[in-house]
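Per the numbering used here, the sequence shown starts with residue 14, numbered consecutively. C-beta atoms are modelled at their ideal positions from N, C-alpha and C, and glycine is treated no differently. Since the structure is predicted, the reported quantities are computational estimates derived from the model, not experimental observations.
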Amino acid sequence: MEPFMIKLIGFAAATCTTVAYAPQAIKVWKTRSTGDISLGMFLVMVLGLALWLIYGLLSGDGPLIASNAVTMLLAGGILLMKLRYG
């Protein structure tokens with residue numbers, strides 16, 4: 014497979030997994046309700062995203078860098094709201 018197509022698949026996957034957090038982030042932002050969100054899951058998820066971002070930066074992998082940076086912002090925002098609103 015062509016390297017360009019491989020990168021395109023990577024960016025498409027990154028877009029899907031990143032956009033998946035947007036509805037939850039918007040809902041939490043609007044309702045200020047985080048009771049049904051697992052604090053443990055989001056703590057581990059944000060840590061994992063940070064590690065993936067570091068890995069992407071060290072390896073120079075564009076899709077990993079872009080997706081994990083944006084997803085970390087979304088998941089991190091949800092985590093902060095969970096910590097603030099309980």
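Q: Apply the 10 Å Cβ neighbour rule to S80 and answer buried if 16 or more other Cβ atoms are within range, or exposed otherwise.
A: Here residue 80 refers to the residue found at position 67 of the sequence shown. Answer is buried; the Cβ neighbour count reaches 16.
Q: Assign I78 to one of two classes, buried (16 or more other C-beta atoms within 10 Å of its C-beta) or exposed (fewer than that).
A: One-based indexing of the sequence shown puts residue 78 at position 65. Burial is judged here by how many other beta carbons sit within 10 angstroms of a residue's own beta carbon; I78 has at least 16 and is buried.
(Q) Buried or exposed, going by whether 16 or more other CB atoms sit within 10 Å of the CB of V59? (A) Mapped onto the sequence shown, residue 59 falls at position 46. By the 10 Å Cβ count, V59 comes out buried.
Q. Residues in its own chain within less than 6 Å of I50 by CB, not counting five upstream and five downstream?
A. Numbered from 1 along the sequence shown, position 37 holds the residue referred to as residue 50. Closer than 6 Å at the Cβ level, and outside the excluded window around I50, lie K95.
Q.
So, at 7 Å on beta carbons, what are the nonlocal neighbours of A82 in its own chain, with the 5 sequence-adjacent residues on each side left out?
A. In the sequence shown, residue 82 corresponds to position 69, counting from 1. If we look at A82 and ignore the five residues flanking it on each side, its Cβ neighbours are L66.
Q) Relative to the C-alpha of T84, which residue among Y34, F17 and E15 is closest? A) Here residue 84 is taken as the residue at index 71 of the sequence shown, counted from 1. T84 has its Cα closest to that of Y34, out of Y34, F17 and E15.
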